[in-house]
Structures are given as C-alpha cells and as structure tokens.
Amino acid sequence: MEFFCYHRDRPGSLALREKLLEEHWSYMDRYTKELIARGPTFADDGETPTGSVHIVDLPDLAAARAFAFDEPNHQAGVYRDVLLRRWHNVLGRTMWDFPGGRGGGKRYLVLGLGEGRAADLALPFDRDELVAYGPLLSDDGDTWLGTAVLLRAPDPDTARAVLNPDRYADIEVHDWEFGGRR
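109 is the number that my numbering gives to position 104 of the sequence shown; each next residue is one higher, with no gaps.
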C-alpha cells in the first residue's frame, strides 16, 4: 500500500531539526527500498525548511503510522502536524526514475485538498515534468480526499495550475527539493 506523508515543521524548530539531521537520515535509510519520493519543503526564501515529504510503499496502515510517528523529528517535536493519507502512484515510478534528474529547474509540492467526486485522476500534462502524482485517499482507500503532486515547474503559479482549482477546498504550493543524503 502506498502512503503520502507530509510532516509540517513547528515554527522555531530549525535548530532542533538541524541537530537531528543524521538521526532523521539514518531512520529514512531503513526505508530505502520502500521510498517512492522524499524531500524537504521550504519557505519563500528557498532556504528555511517548512516540512518533509515522504511517499512510501508499506504493508499496511499500521506500518505507515509507525513510519510517520516514530520518525525522530516527530518524536522530538520538530513537526507541528502530520498529514498521512493512502496514496496511489499514478506514474508507477519513483523520484529516482524522474527523467529530469535532481538538478535543473524549480521543484514544487502541490497539495489539493477536497471532498466529493474525485478530480484530476488523469495526468494533467507532460508526465516528464511530474516527479510523483496521485490521489490522496481515506485509510480504507475508498474515498478521494485530494491530490498530491511533486513536479518541476518554472514558478508556483504554473505548479498550482496542474490541479483544477474548482475541485479543491484549498490548493497549497510549497518549494520542494529531492531529499536524501547530500
């Protein structure tokens, strides 16, 4: 089962986040084979972390909850909250298979949160600009709750346009970069 996990940083937690960097990476190293995508999000300055995205393939919801809530930054109080949802990997690939590689261009996380009839289930444009794409689902996988996209785009407005604005209560756009050890 695939899961989308977004840990949002608590304001003022940067020093603690930096202190725990090796613990975080060591924890994530245990999930190397299960990770579909990962990486930090940033404030508008492009430098200040605001959260961490992890898309992971795990056996069940209990394993996903353990992954999200046992993470060292979460345990230490770096994160304000956690968005954990079932997810479906529409692209069928990992971020390491992304044709654009790690460099070149800006990358974004786009989260569309909604309810009702599912939206944006078909790929919106050139899949070569998409790093990860898929619906956010309820715990049982039966109810559509939104869409999560990682993509390369020239600017936040272009990234936002990947989703139909009329189908979501809110669309968030965050600067994002490929994660992992540098």
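Using N, Cα and C, we set each Cβ at its ideal position, and we do this for glycine too.
For clarity, every value in this text was computed on a predicted model and none was experimentally measured.
Query                                                                                                                                                            : Result
CB-CB under 7 Å to L126, same chain, minus the five flanking residues each way: which ones, in chain order?                                                      : P140
Which runs of the alpha helix (DSSP H), 4 residues or longer, sit entirely within the stretch 107-150?                                                           : none
Tell me whether Y84 sits in a helix, a strand or coil according to DSSP, three-state version.                                                                    : strand
Going straight from the alpha carbon of D49 to that of G17, what length do you get?                                                                              : 16 Å
For P64, which residues from the same chain have a beta carbon less than 8 Å from its beta carbon, with the 5 sequence-adjacent residues on both sides left out? : M6
Would you tell me roughly how many angstroms separate the C-alpha atoms of F103 and V154, rounded to the nearest one?                                            : 13 Å
Helix, strand or coil: which one does DSSP assign to E7?                                                                                                         : strand
Looking at G56: is its Cβ nearer than 8 Å to the Cβ of R112?                                                                                                     : no
What residue range is occupied by the uninterrupted beta strand (DSSP E) comprising L40?                                                                         : L40 to F47
Please name the residue, chosen from D180, P161 and G117, that lies closest to D171 on a Cα-to-Cα basis.                                                         : G117
What does a CB cutoff of less than 8 Å around L25 pick up in its chain, not counting 5 residues either side in sequence?                                         : P77, N78, A81 and V83
Apart from the five residues just before and just after D86, which ones in its own chain have a Cβ nearer than 6 Å to its Cβ?                                    : R13
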